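> First to last, the protein sequences are chains B and F. Just so we're on the same page, the working numbering is the position in the first sequence counted from 1, plus 30. Just so we're on the same page, the working numbering is the position in the second sequence counted from 1, plus 591.
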Amino acid sequence: MNKSDNPGLYIHIPFCRSKCLYCDFYSVVSPAAVPAWLEAIQREIPLYNERFQTFDSLYLGGGTPTILAERELAALLECVHRYFAFSPDSEITIEANPEGLNTDKLKTIRDLGVNRVSLGVQSLDDGDLKYLGRRHGSKQALRALHMVRSCGFADVGADLMYGLETQSLRGWKRTVDRVLEFKPEHISCYQMTFEPGAAMWKMKAAGQVRPIAKKLESAFFIWTSRYLGRHGYHHYEISNFAKSPEFMCRHNRKYWSHTPYLGLGPSAHSFQAGRRWWNVRSVEKYCRLLGEGRAPVESAEVLSGEQLELESLLLGFRTSDGADFHASGGRLRAGEALSELQKAGLVKVSNGRIKPTRKGFLVADGIPLMFCGQ
Amino acid sequence: MFNGTAHKVEEVGVFRLSREPRGELSAGSVGYMIAGIKTVADVRIGDTITLDSNPVSSPLPGFKDVKPVVFSSIYPMSSDDYPSLVDSLERYKLNDAALVYQKDSSIALGQGFRCGFLGLLHLEIVQERLEREFDQSIIMTVPSVRYRFALLDGSEITVENPQYYPDPTLIKSSAEPFIKAAIIIPERYMGVVIKLCLERRGANPKIDYPTPARVEISFDMPLAEVVFDFYDKLKTVTQGYGSFDYELIEYRQSDLVKLDILVNGERVDALSLIVHRDRAREWGVQVCDRLKEEIPRHNFKIAIQGAIGGKIISRSTISPFRKDVTAKCYGGDITRKRKLLEKQKKGKKRMKMIGSVMIPQSAFVSVLKARDE
């Protein structure tokens, strides 16, 4: 099932050539800051020396990790391996954007030990891509998919977005169909959301863009789940599909199951033994703190048993695994809430777990509340 | 002085209002007495005081024991505030002996009190004072009157709390208190006022013209029809010109039923009501609509029904969420999402659970708002 208790390592590479309009992840458009960041992260890595067990996943996310030059990536990974132990079968992912990719770079990345590429395709419709503020067109995205495959990556993921104003269900189907031709091992389908930190948030307030109707959102979601299901994909999390269970993203699943993870780089979050902490959301501050020999941690929280319980519900109901039928302390999560949810066809109980149905996924954020405070 | 008018002075004098102890008070005296009376309820206005050692056989004429005629249950807005409500009512009672109350409990609203009031004004005063002077936030249930039921076994019971409505198969006849309502209005409002009174089952109208352009209308009406929002309505339709007075006359036969409100099949006891059969449907429809507005959407469909016995007479449905899930959930999203849930969880504590449906307090209050015509 590609799930383990080993910790995962995340590295945030907060640089982009330009900001996409929908994106609220922390990144800056200043390539000049890369060397300082690289130096800083090489100081951050040793801080966690021997504080984690053997890792079995590494995720290079961003930002646009492939913006780094080959030697910069090499230096980064060399440092990672110097201080952290990885199991031999580790899943090592890099996020990549179609623009600026070439065979040489991909081969270098592969030779550095990266065995999984998550490609930010988003759409194969030029109108959608322009709407999203992407730098690439559909042809470039198709070429990139080809390229990744031809460079010998056996685990390729495509990131897509749906529910755009510019997109019809038919248009979305065209994108999905063309992506399916490549038989990616993994497909992420993110519904368009307007996040406070993204440019589109302001554009929405100004009336320049707007979300699609809730009814249509549900239709997109249900169609996607059914269609990819018919093509053999497992809908294992709200936005994630895997060709088979071993291709479920091992790293991301750690976030959803309270498995320890270490996040390095500006704005990265970490979790270990009931404690969560996160780094400052500024490259400048990040570099300065590490330059002073201090950890670039912005803040931390220690989760109470009740909070852990609540999180395991909120995370659990977003995955096909669902939540344990037994709450902490062995109490059964039964009662009227469960029977109402079952009656409404939102969850089913199997193998001692309460699992959301396809319809249940649609309202997953509201389900935990029904089980807490009973 | 300032307006330059002149008046002839008739008399000047001083007020004397101080206690002057005397050996005795006799016929014709107006005075006071001080005794070690511990509870205010022992003293009733108009009562007769007599010697313990040599009591008179009957009290002086004119005294009537005041009995509550309007009833309503008071619940604390949050069940944590129950002890403070107990305390407030005890203190309130010290200077208002007319309020009677006893413990009451509701599945929906928890512990509270069933209170009896002398009339509508009294009910409002109690509510206001509890809120203003005692800083209580309370929910009052729909006011009720005291109904009489003659049962098939020949016994008669009185019921002022819908919870104790007898088994309908055992009821031989039912009766409710009627009042004589006297309404004085400018002539131009006659039409709307008569319409209002007829809607409220008014009968036997009498119309008088005490002065030109002024009309006094009197109606026999069931008390139950005026305890709720009659006065507000009257003021509205007469643009504030109407005045209203009433006196209880008698109990009259009436076809009474108990209307229950069901949320997903579960009875919300605090919303049950004894009502005239002809008025039940209207009330049921209105409560269902009100609750539909107030109860938030859930993950499942919610049916709100008004029922008499097993018969459904009104219904509204709250459709479930269509979609309520966000796309992403990584690193920082988790803490954010949990905090949001924690906030919602707190909100949930202020809600009342009926089965698995969360009903906000505001829903109970909204039912009490004046009905739309």
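For each residue, glycine too, the CB sits at the ideal point set by N, CA and C. Remember, predicted model here, so these are calculated numbers, not experimental data.
Between Cys317 (chain B) and chain F, is any beta-carbon pair separated by less than 8 Å?
Closer than 8 Å: no.
> CB-CB under 6 Å to Gly390 (chain B), same chain, minus the five flanking residues each way: which ones, in chain order?
Cβ within range, chain order: Leu376, Val377.
> Please say whether Gly922 (chain F) and Ala298 (chain B) have beta carbons closer to each other than 8 Å?
Taking 8 Å as the Cβ cut-off, Ala298 (chain B) and Gly922 (chain F) qualify as a contacting pair.
> To which residues of the same chain is Asp86 (chain B) closer than 6 Å at the C-beta, ignoring the five residues directly before and after it?
Cβ neighbours of Asp86 (chain B) beyond the five flanking positions: Ser34, Asn36, Ser117, Ser120.
> Over the uninterrupted beta strand (DSSP E) stretch that includes Ser696 (chain F), give me the two end residues.
Residues 691-697.
> Can you name the residues of chain B whose CB is closer than 7 Å to the CB of Val784 (chain F)?
Residues of chain B passing the Cβ test: none, with the nearest at roughly 48 Å.
> If we ignore side chains and look at the alpha-carbon of each, how far apart do Ile665 (chain F) and Asp915 (chain F) end up?
For Ile665 (chain F) and Asp915 (chain F), the distance between alpha carbons rounds to 36 Å.
> Pro887 (chain F) CB to nearest chain B CB: under 8 Å?
Pro887 (chain F) does not count as touching chain B.
> Could you spell out where the beta strand (DSSP E) holding Leu88 (chain B) opens and where it closes?
First-last of the beta strand (DSSP E) with Leu88 (chain B): 85-92.
> Please name the residue in B:Met177, B:His166, B:Ser153 whose C-alpha comes closest to that of Arg140 (chain B).
The shortest Cα separation from Arg140 (chain B) among B:Met177, B:His166, B:Ser153 belongs to B:Met177.
> With H, G and I counted as helix, E and B as strand and the rest as coil, what does DSSP make of Val733 (chain F)?
Three-state DSSP puts Val733 (chain F) in coil, outside helix and strand.
> I need the DSSP call for Pro759 (chain F), collapsed to helix, strand or coil.
In the structure shown, Pro759 (chain F) sits in a helix (DSSP, three-state: H, G or I).
> So, with DSSP's three-state summary, where would you put Val866 (chain F)?
Residue state, collapsed to three classes: strand.
> Check whether the Cβ atoms of Ala689 (chain F) and Asp860 (chain F) sit closer than 8 Å, and answer yes or no.
Contact flag unset, no.
> Do the CB positions of Pro290 (chain B) and Leu340 (chain B) come within less than 8 Å of each other?
Not in contact: Pro290 (chain B) and Leu340 (chain B) (Cβ atoms no closer than 8 Å).
> Am I right that Lys373 (chain B) and Phe891 (chain F) are in contact with their C-beta atoms under 8 Å? What's the rounded C-beta distance?
Going by Cβ atoms, the distance from Lys373 (chain B) to Phe891 (chain F) rounds to 7 Å, so yes, they are a contact pair.
> Mind checking the region 650-677 of chain F against chain B and listing, in chain order, the residues whose C-beta falls within less than 8 Å of any C-beta there?
So the list is empty, because no residue satisfies the distance condition.
> To the nearest angstrom, how far is it from the Cα of Arg280 (chain B) to the Cα of His261 (chain B)?
Straight-line Cα distance between these residues: approximately 21 Å.
> Can you give the Cα-Cα distance for Arg577 (chain F) and Ala394 (chain B), rounded to whole angstroms?
No statement about residue 577 (chain F) is possible, as the shown extent of chain F runs from 592 to 964 and does not include it.
> Below 8 Å on the Cβ atoms is my guess for Ser679 (chain F) versus Phe725 (chain F); work out the distance and round it to an integer in Å.
With 8 Å as the limit, Ser679 (chain F) and Phe725 (chain F) qualify as a contact, their Cβ atoms being about 4 Å apart.
> Tell me whether the region 811-821 of chain F and the region 770-787 of chain F touch, counting them as touching only if at least three CB pairs, one residue from each stretch, are closer than 8 Å.
Taking 8 Å as the limit for Cβ pairs, the verdict is that the region 770-787 of chain F does touch the region 811-821 of chain F.
> Can you check which of these residues, B:Gln238, B:Cys46, B:Ile268, B:Ala104, is closest to Phe250 (chain B) by C-alpha distance?
Looking at the Cα atoms, B:Ile268 is the closest of the given residues.
> Across which residues does DSSP place Gln221 (chain B) in a beta bridge pair?
BP columns for Gln221 (chain B) point to B:Tyr192.
> So, does the CB of Tyr263 (chain B) fall closer than 8 Å to a CB anywhere in chain F?
No, Tyr263 (chain B) does not count as interfacial toward chain F.
> What is the DSSP secondary structure of Met942 (chain F), reduced to helix, strand or coil?
Note: Met942 (chain F) maps to strand in three-state DSSP.
> Beta carbons nearer than 8 Å to chain B: which residues of the region 920-952 of chain F have them?
Taking 8 Å as the Cβ-Cβ cut-off against chain B, the residues of the region 920-952 of chain F that qualify are Cys920, Tyr921, Gly922, Gly923, Ile925, Thr926, Lys928, Arg929, Leu932, Glu933, Gln935, Lys936, Lys939, Lys940, Gly946, Ser947.
> I need the DSSP call for Leu39 (chain B), collapsed to helix, strand or coil.
Note: Leu39 (chain B) maps to strand in three-state DSSP.
> Scan the region 233-276 of chain B and note each continuous alpha helix (DSSP H) run of 4 residues or more that stays entirely inside, going in chain order.
Segments of the alpha helix (DSSP H) lying fully in the region 233-276 of chain B: 244-260.
> Could you tell me the boundaries of the beta strand (DSSP E) in which Asn309 (chain B) lies?
Unbroken beta strand (DSSP E) run through Asn309 (chain B): 305-309.
> Can you pull out the residues from the region 903-918 of chain F whose beta carbon lies closer than 8 Å to at least one beta carbon of chain B?
The residues in question are Pro911, Phe912, Arg913, Lys914, Asp915, Val916, Thr917, Ala918.
> Could you spell out the range, first to last residue, of the beta strand (DSSP E) harbouring Gln844 (chain F)?
834-844 is the extent of the beta strand (DSSP E) around Gln844 (chain F).
> If you reduce the DSSP assignment to three classes, tell me which class Arg858 (chain F) lands in.
Three-state result, Arg858 (chain F): strand.
> State the Cα-Cα distance for the pair Leu676 (chain F) and Gln727 (chain F), rounded to the nearest angstrom.
Looking at the two C-alpha atoms, the distance is approximately 7 Å.
> If you drop the 5 nearest sequence neighbours on each side, which residues of the same chain put their C-beta closer than 7 Å to that of Leu159 (chain B)?
Around Leu159 (chain B): Gln152, Ser153, His166, Gly167, Ser168.
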